[in-house]
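Quick note on my numbering: the sequence shown kicks off at 87 and runs consecutively. All residues carry an ideal CB built from backbone N, CA and C; glycine is no exception. Being a predicted model, the structure only gives us computed values, none of them experimental. Below: the structure, in C-alpha cells.
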Amino acid sequence: MAETENPTPTKPIPTRREFLTMVGAVGGAAAMYQAMGMMGMAHASPYDGPIQLGQAPEGTKVLILGAGIAGMVAAMELRDAGYDVEVLEYRDVAGGRCWTLRAGDTYEELGGFVQTVDFAEGNYFNPGPWRVPYNHYAILDYCRRLEVELEPLIQINNHAYVHSVDAFDGKPVRYREVNADFRGHISDLLSKVTNQGALDEVLSEEDKENLLEGLRTFGALNSDNEYVSGDAASRRRGFDRPPGGGVDATPISSEIMDVSTLLDSGLWSRLATSETLNSSAPIFQPKGGMDMIARAMAENLGDVIRYRKRVTRIRQDEDGVTVTYEDLITGETDVTTTADYCVCTIPFSILSQIDHDFSAPLANVIQDMPYAASIKVGLEFKRRFWEEDEHIYGGTTYTDLPISQISYPSNDYLSKRPGVVLGAYSWGALAYQYSSIPPEERVTRTVEWGSQIHPQMPEEFKAGVSVAWHRVPWTLGCYGLWNDKDDHYEDAVAMDRRIVCAGEHLSYLPAWMEGAVLSSLDAISRLHDTARNQAGE
Ligand SMILES: Cc1cc2nc3c(=O)[nH]c(=O)nc-3n(C[C@H](O)[C@H](O)[C@H](O)COP(=O)(O)OP(=O)(O)OC[C@H]3O[C@@H](n4cnc5c(N)ncnc54)[C@H](O)[C@@H]3O)c2cc1C
87 MAETENPTPT KPIPTRREFL TMVGAVGGAA AMYQAMGMMG MAHASPYDGP IQLGQAPEGT
147 KVLILGAGIA GMVAAMELRD AGYDVEVLEY RDVAGGRCWT LRAGDTYEEL GGFVQTVDFA
207 EGNYFNPGPW RVPYNHYAIL DYCRRLEVEL EPLIQINNHA YVHSVDAFDG KPVRYREVNA
267 DFRGHISDLL SKVTNQGALD EVLSEEDKEN LLEGLRTFGA LNSDNEYVSG DAASRRRGFD
327 RPPGGGVDAT PISSEIMDVS TLLDSGLWSR LATSETLNSS APIFQPKGGM DMIARAMAEN
387 LGDVIRYRKR VTRIRQDEDG VTVTYEDLIT GETDVTTTAD YCVCTIPFSI LSQIDHDFSA
447 PLANVIQDMP YAASIKVGLE FKRRFWEEDE HIYGGTTYTD LPISQISYPS NDYLSKRPGV
507 VLGAYSWGAL AYQYSSIPPE ERVTRTVEWG SQIHPQMPEE FKAGVSVAWH RVPWTLGCYG
567 LWNDKDDHYE DAVAMDRRIV CAGEHLSYLP AWMEGAVLSS LDAISRLHDT ARNQAGE
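Structure representation (C-alpha cells):
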C-alpha cells in the first residue's frame, strides 16, 4: 500500500488509484483499505480451510528441515496424509522465530554474548512474533485446531503517546489529541476547499453536500464546518477537566493545537502505523506467550521432531534425498539420513552457507537473498506505572527516539506484580547501531531513552533482555528481503526435483507466520502431487 502520491490537479476526473489516494489522505490507511476492499482490490489471506492432501503413496518418506512454523505445519499435514515424516531441528526447542523468553531462559547471540532472563516467574517477552491479525486465517485455524488460547492484543491505544524529540519540547502527546486534531484540521480544510469550488470538477453538488456532512462527523466540526476548541473537539481529544460528579463537575474543554504547530510537529506521521491490513484490529496474542502456538504444534508432532541436529549438507538424485547433519547431542558429525522427498524450511540466510546441490535458478535466489535487521528489547518493571500513573492499558507509543516504540502488555491488567514492556523495536540501520553495543548497555540505553517518555523508568526498572535478529545464529535476520522478487519468486518456490523450499521468505506475506503457513501448505501440495505422479498414481 505505497500509494502516497497526490492526484495531479490537471486531471479533472480522478482515477481509481487517485481516488484511493484521496481517501487514504483524508481517512488514513483504514479508510483506504475499506474502499479498496469495496472495489475488490484488497485481499485477505487466501486460506480457505484445512488442506485435503488425500493418501500418501505407500512407504514414502519425507524429511523436513527446520521445526519452525512452516516445518511443523508441513510435518503435521504430511504425517496425517500417511507419509513417514522426520524433522531435523537445530535448536533444542521447536518454533524457530515463534519464540518466547521466560524467567531463567538463557540466549546466546552471534559473537558469544549470553543473556539470562531475570524476569519474575510467569512473565514473558516475545522477541519475535507478537501479534496474530484476525485476517491471518490459516494460522488462526491452526490455533483453533490445536486449542491455543488467544486473547485480544491492543494495538492502537488512544491514551498512549506519540513523541518526537523535536516537538513540544520533547514531551509526549497523547495519541488521541494528535489524532483528533489531525482529523479535525483536515476536515476543516477540505470543507473550505469544497466550498471554494476547488472540487467542482470532481464532485457533483450532491457529492459535495454528502462530503461536507461526512467531514462534520469525521472531524468533529461545528455547524460552520470549522474545527475549533470546545465541547465537540474535547469529546474526541480529551478535556482539561473531564466531566465529573458533584461539586465542580462541569467539564472544561481543552485547546486544540493550531494547524501549523500540528503539521510542524510531524507527529501525525505515526497515526496510520497501525492501520495497515495486517496490523488493524482485531488482533490477538496467545495467552502466556507466542510460543504457545509452537508448543502446541511440537506436542502434536511428538518424537517426529529430532532436536539438536544441525543440517550441513543436502544432496538428491533419482532415488532420493540424503541429508547430512551434525548431532549436537552426541557430538557426532557427518551423520546421514535419507528420504524420498524433502521440505527445506531453513531460512535462506542460513541455507546459503550449507553445502547443497539445488539447481542454478533456486541456488541463485538462496545466495542473493538479504535478510532484514531488527532488534527488540524487553524491559521488566517493578510496577505497572504506565497503568497506575498514566492510565495506559496495552497499545503502543510511537517515538522518533532510537527505540522507535514502546508497547505495553495486553495481559494481566491492574496486576500488582512486575510487568514486561516492549521497550524498543527498531529496524534497519537503527537495529545495527543498537546491536553494536553489548546487551547490558542496550538495556541501559533503552531505559534512558524510554525515560524521556516515562520518567518513572529508571526508578522502576527491574530486568531487561534484547534480541537483535541479525545476530540470532539460527536465522541471521528478521525476515527474507528480495532482490527482484517478481522475476525470481517462481524459481524459488518450484519443486527442485525431490526437494521443495518453504517458509515466510517464500510468500507474499513475509515476516508473518501466516506467510510461513501458506508457503508450507502450497509446498506440500506440490510435493504430494509429485510423489503421487512418480508412484504412478
Ligand atoms: C522481530 C519479529 C517480529 C515478528 N512479528 C510477527 C508478528 O507479530 N506476527 C506474525 O505472524 N509473524 C511475525 N514475525 C514473523 C514470523 O516469526 C515468521 O514469519 C515465522 O515464524 C517464520 O517461520 P518459518 O518456519 O518460515 O521460519 P523459522 O521460524 O525461522 O524456522 C526455521 C527453523 O529452521 C531451523 N534451522 C536453521 N538452521 C538449521 C540447520 N542448519 N539445521 C536444522 N535446522 C535449522 C531454525 O532453528 C528454525 O527452527 C516476526 C518475526 C520477527 C523476527
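Under DSSP, the alpha helix (DSSP H) around residue i begins and ends at which residues?
{"i": "Ala153", "result": "First-last for Ala153: undefined, no H or E at that position."}
{"i": "Leu289", "result": "Segment: none, Leu289 is in no alpha helix (DSSP H) and carries neither H nor E."}
{"i": "Asp267", "result": "261-281"}
{"i": "Gln519", "result": "514-521"}
{"i": "Gly601", "result": "599-620"}
{"i": "Gly481", "result": "Looking at the DSSP string, Gly481 is not in any alpha helix (DSSP H); the run it does join, the beta strand (DSSP E), is 481-485."}
{"i": "Phe530", "result": "Per the sequence shown, residue 530 should be read as Thr rather than Phe. From DSSP, the alpha helix (DSSP H) with Thr530 extends over 525-536."}
{"i": "Glu194", "result": "Not the alpha helix (DSSP H): Glu194 falls in the beta strand (DSSP E), residues 192-194."}
{"i": "Glu474", "result": "471-474"}
Helix, strand or coil for residue i? Go by DSSP, reduced to three states.
{"i": "Tyr427", "result": "strand"}
{"i": "Leu236", "result": "strand"}
{"i": "Glu466", "result": "strand"}
{"i": "Asp413", "result": "strand"}
{"i": "Ile379", "result": "helix"}
{"i": "Leu437", "result": "helix"}
{"i": "Ala510", "result": "strand"}
{"i": "Gly550", "result": "strand"}
{"i": "Tyr457", "result": "strand"}
{"i": "Tyr575", "result": "helix"}
{"i": "Phe370", "result": "strand"}
{"i": "Thr146", "result": "coil"}
{"i": "Gln120", "result": "Its pLDDT being 39, under 50, Gln120 is placed unreliably in this model, and the value from its coordinates should be taken loosely. Note: Gln120 maps to helix in three-state DSSP."}
{"i": "Ser320", "result": "helix"}
{"i": "His591", "result": "helix"}
{"i": "Leu187", "result": "strand"}
{"i": "Val200", "result": "strand"}
{"i": "Thr389", "result": "The question names Thr, but residue 389 in the sequence shown is Asp. In the structure shown, Asp389 sits in a helix (DSSP, three-state: H, G or I)."}
{"i": "Glu623", "result": "coil"}
{"i": "Thr408", "result": "strand"}
{"i": "Pro337", "result": "coil"}
{"i": "Asp582", "result": "strand"}
{"i": "Trp256", "result": "A quick correction: the sequence has Gly, not Trp, at residue 256. Three-state result, Gly256: helix."}
{"i": "Thr303", "result": "helix"}
Below 6 Å CB to CB, which residues in the same chain sit around residue i once its five sequence neighbours on both sides are set aside?
{"i": "Met343", "result": "Asp267"}
{"i": "Thr485", "result": "His249"}
{"i": "Ser320", "result": "Ser339, Ser340"}
{"i": "Glu299", "result": "none"}
{"i": "Pro456", "result": "Leu567"}
{"i": "Ala306", "result": "Gly270, Ala318, Ala319, Arg322"}
{"i": "Ile369", "result": "Arg217, Pro219, Leu239, Gln241"}
{"i": "Ser273", "result": "Leu301, Phe304, Gly305, Leu307"}
{"i": "Thr146", "result": "Tyr169, Asp426, Ala617"}
{"i": "Leu348", "result": "Asp267"}
Start and end of the beta strand (DSSP E) containing residue i?
{"i": "Ala446", "result": "Element bounds for Ala446: not the beta strand (DSSP E) but the alpha helix (DSSP H), 446-454."}
{"i": "Val558", "result": "Counting along the chain, Val558 falls outside any beta strand (DSSP E), and DSSP gives it neither H nor E."}
{"i": "Arg624", "result": "No answer is possible for residue 624: it lies beyond the span of the chain, which begins at 87 and ends at 623."}
{"i": "Cys564", "result": "Premise fails: Cys564 is in no beta strand (DSSP E) and is neither H nor E."}
{"i": "Leu174", "result": "170-174"}
{"i": "Tyr494", "result": "491-494"}
{"i": "Arg231", "result": "It is not in any beta strand (DSSP E) - Arg231 instead sits in the alpha helix (DSSP H) that spans 223-231."}
{"i": "Tyr499", "result": "Counting along the chain, Tyr499 falls outside any beta strand (DSSP E), and DSSP gives it neither H nor E."}
{"i": "Val314", "result": "Taken as a continuous stretch (DSSP letters only), Val314 belongs to no beta strand (DSSP E), as it is neither H nor E."}
{"i": "Arg399", "result": "395-402"}
Tell me which residues share the same chain as residue i and place their Cβ nearer than 7 Å to its Cβ, disregarding the 5 neighbours each side in the sequence.
{"i": "Asp577", "result": "Pro447, Leu448, Val451"}
{"i": "Ala115", "result": "Model confidence at Ala115 stands at a pLDDT of 41, short of 50, so the residue's coordinates are unreliable; what they give is reported in the following sentence. Closer than 7 Å at the Cβ level, and outside the excluded window around Ala115, lie Met87, Ala358, Glu361, Thr362."}
{"i": "Asp377", "result": "Gly181, Cys184, Trp185, Thr186"}
{"i": "Asn364", "result": "Pro219, Trp598"}
{"i": "Leu500", "result": "Glu473"}
Might you give, ordered along the chain, the residues of its own chain that have their beta carbon closer than 8 Å to the beta carbon of residue i, omitting 5 neighbours on each side?
{"i": "Ser490", "result": "Tyr484, Ala510, Tyr511, Ser512, Trp513, Leu516"}
Shorter than 7 Å from the beta carbon of residue i to some beta carbon of chain C?
{"i": "Asn209", "result": "Looking for chain C here will not work: only one protein chain is present."}
Any chance the segment 229-238 sits against the segment 367-378, with 3 or more Cβ pairs inside 8 Å?
The answer is yes - the segment 367-378 touches the segment 229-238, with three or more Cβ pairs under 8 Å.
The segment 390-398 / the segment 150-161 touching (three or more Cβ pairs under 8 Å):
By the C-beta criterion, the segment 390-398 is judged to be in contact with the segment 150-161, since at least 3 inter-stretch pairs fall below 8 Å.
Any 3 or more C-beta pairs closer than 8 Å across the segment 552-568 and the segment 584-597:
In short, these stretches touch, since the Cβ pair count reaches three.
Is there contact here, the segment 302-317 with the segment 270-280, by at least three beta-carbon pairs under 8 Å?
Short answer: they touch.
I'd like to know if the segment 166-186 and the segment 205-220 are in contact, where contact means that at least 3 CB-CB pairs between them fall below 8 Å.
Yes: the two stretches touch, three or more of their Cβ pairs being nearer than 8 Å.
Taking one C-beta from the segment 450-467 and one from the segment 197-211 each time, how about it: are there three or more such pairs within less than 8 Å?
Yes: the two stretches touch, three or more of their Cβ pairs being nearer than 8 Å.
Stretch pair the segment 424-433 + the segment 157-174: three plus CB contacts closer than 8 Å
Under the Cβ criterion (8 Å, minimum of three pairs), the segment 424-433 counts as touching the segment 157-174.
Answer yes if the segment 405-421 comes into contact with the segment 132-141, meaning at least three C-beta pairs across the two stretches below 8 Å, and no otherwise.
Too few Cβ pairs lie closer than 8 Å, so no.
For the 8 Å Cβ check, are there 3 or more pairs between the segment 431-442 and the segment 613-621?
With a cut-off of 8 Å, the segment 613-621 and the segment 431-442 do not count as touching, because too few Cβ pairs lie within range.
For the pair the segment 542-557 and the segment 223-230, tell me if three or more CB-CB distances fall below 8 Å.
Contact fails: fewer than three Cβ-Cβ distances are below 8 Å.
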